[in-house]
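For what it's worth, my numbering labels the leading residue of the sequence shown as 1, then goes sequentially. Just so you know, even glycine gets a beta-carbon here, dropped at the ideal spot from N, CA and C.
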Amino acid sequence: MSGNRLLTDAERKIRRALLGTLLVLAFAVLAAVGGWLWQQLRNQQVQPVEEAQVNTPVAVDADKTTPAPRIPFSDITKTSGIEFVHVNGAYGERLMPETIGSGAAFLDYDNDGDQDLLLVNFNYWPGHAGSGVARHALYANDGMGRFRDVTEQAGVGFSDYGMGVAVGDYDGDGRQDLYLTCLGGNRLLHNEGGRFHETTQTAGVAGGDNDWSTGAAFIDYDRDGDLDLFVVNYVQWSRKDDLEIDFRLTGLGRAYGAPNHFIGTHNRLYRNDGEGRFSDVSGIAGIQVIDELNGKPVGKGLGVAPVDYDRDGWIDLVVANDTVRNFLFHNRGDGSFEEIGALEGIAFDRDGKATGAMGIDSAYFRNNLELGIGIGNFANEMTSLFVTAGEQPPFADEAVLLGLGPDTRLALTFGLLFFDADLDGRLDLIQVNGHLEHEINKVQPSQHYAQPAQLFWNCGESCRTAFRLVTDAGDLAQPMVARGAAYADIDADGDLDLIVTQNGRAAKLFRNDQQSGNHWLRLKLIGDGGNPDAIGASIELSAGGITQYRSLIPARSYLSQVELPVTFGLGQGTGVEKISVVWPDGTRQQIRPPGIDRLITVVKGAP
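In structure tokens form, the structure reads like this:
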């Protein structure tokens, strides 16, 4: 534990009360100014947007003696058998949903032990059909990273205005089910042994006909042993409103609108009642955030990170909101949540501003209990990295101090993930990037529609700045119009490979070709009851005098889901000293350290 003194409950209450008073005053002033500005905007046409002159932040002087290693990734999309091309439906009217892209998920849908791949698709607008049919796609893995299209035989070839995907065994039958978020009604697909059957209506989780759903996660928020469902919604959108706003860029004419021109909306929480049915408890659970001054919903959510940020045993929810403050829903443990993002320091960036937040992930990247929450932001807004101090909240945005400042300022970031790319025992960070406007470079010379991904190597405590940009990441350097990102070990070699979705373009599959020689250990957990995949469990692994911490949460990045097995890099270490699993019900289980460089299965309660 850190030597910093832990706050008592009384001190924390005083701190929150003081912060609350200041925030109320600040919000009142901002609301008054915002109300006046809003009234002015309503009375005039939207003005052309000029490129802002951005002063790049100055990085902390980096320790040049420890450069980032070469960590190459190879584009194996064509040779792997992945032929998916995303349809964004664009035909000239510049409608906002065309820009959002869609997500991806790694899952073992047929229970054969390897990671298969689901890719979510958008659709053509009514009256503007293109060639072919825009459908979601499912690819089965042969165990060595080669895939075959099983979309039709698996029953997932729907045509939706698709956004994201959540994976979870909601009925506890040992098979992973799918929840697809969409513009319009969502879908719940029950896995019946390699083929999916839609159960949306009987389960009661379609959402509203006018909802624009984005991120989603299966979690056991009430710790009753089965998986509930949290769904993020974006803004209140219609084609009519979009065209009336008539957002424009100088030199381009009509452009894609920004979310600050649309009214926010509410997220949804569905409680699992068993027997394949859910109840919408959004109102009574406290996740509907209202602006007290205008009575309208605040949220404009895209990403969600389920995480027990205060380590009290209850899963909390961090929502990345686009152009409004981020939410932190603290789980009270009684079936309800309290939104305290501002009080805990995660609502705004280091300058006290709301950002264009999209992708999100959480990790104990320092190999202690100081939690980091990474959020990918819009162009000219650096990536946020909120970190607790002394292993206790509140958070502070340490992006610049940790080396993510100047290198992330220009990028427009969607997917963001922590993962150990070179298996050295420290979690690295990748963000995938791409702009909204095809011709953005004509009006903003610093910006490009297609942008390379950025891999940041975790240098550890020996460096002044924790993260270093990897200058040789192989094919990750190719420009992409990237949106979702997810990882899995697709070829059983121990390191983590990547899928990156693109907006209106082909998805890209990248094989991790790192040659560090580092060792590794992968764990697959088998729980009990209604949560056999043990979503929400945490794992501690000690090796070489260092303890690594992981949470088994597949909902990560942007509209996407990662594989369920948990990977630990061991560096040059040749053994593991101790493994401890804390199951979702709080039970702690010690695991006898096995050999290394293998996948092991851990069954709850087994000796």
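Shown here, GLY162 sits in a strand according to DSSP, grouped into three states. Under the 10 Å beta carbon count, LYS300 is surrounded by 16 or more other beta carbons and is classified as buried. Assigned with DSSP and collapsed to three states, HIS136 falls in coil, not helix or strand. Collapsing the DSSP output to three states places GLN431 in a strand. Membership of GLN590 in the beta strand (DSSP E) is indicated by the continuous run 588 to 591.
Leaving aside the five residues that flank GLY484 on each side, the residues in its chain whose CB is nearer than 6 Å to its CB run, in chain order, GLY103, ALA104, GLY415, THR501, TYR558, LEU559 and SER560. Taking all protein chains shown into account, MET480 has 16 or more neighbouring C-beta atoms within 10 Å of its C-beta and is therefore buried. ARG248 and ILE263 have their C-alpha atoms some 19 Å from each other.
Distance between TRP314 and LYS442, taken at the CA atoms: about 49 Å.
CA-to-CA, the gap between ARG588 and LEU429 works out to about 29 Å. According to the DSSP assignment, ILE373 belongs to the beta strand (DSSP E) that extends over 372 to 375. The three-state secondary structure of ARG409, taken from DSSP, is helix. The straight-line gap separating the alpha-carbon atoms of GLN431 and PRO532 is approximately 31 Å. Distance from the CA atom of SER542 to the CA atom of ALA206, rounded to whole angstroms, is 43 Å.
Taking the Cβ atoms as the reference, PHE147 lies roughly 23 Å from ILE71, outside the contact range of under 8 Å. The Cβ atoms of GLN454 and LEU469 sit closer than 9 Å to each other.
Between ARG409 and ASN368, the C-beta gap is not smaller than 9 Å, which leaves the two residues out of contact. In its chain, beyond the 5 residues on either side, GLY434, PRO479, MET480 and VAL481 have a beta carbon closer than 7 Å to the beta carbon of ALA450. At the C-beta level, ASP110 and GLY174 stay beyond 9 Å of one another. One thing to note: GLY335 has its Cβ no nearer than 9 Å to the Cβ of ARG94.
In the DSSP assignment, ILE600 falls within the beta strand (DSSP E) that extends over 598 to 603. Closest in C-alpha terms to GLY405, from the list GLY504, THR383 and ALA68, comes THR383.
One alpha carbon belongs to GLU292, the other to PHE510, and they sit about 47 Å apart. Counting only unbroken stretches of 4 or more residues, the alpha helix (DSSP H) elements lying wholly within the stretch 221 to 256 are 239 to 245, in sequence order. Between the C-alpha atoms of ASN272 and ASP169 there is a straight-line separation of about 11 Å.
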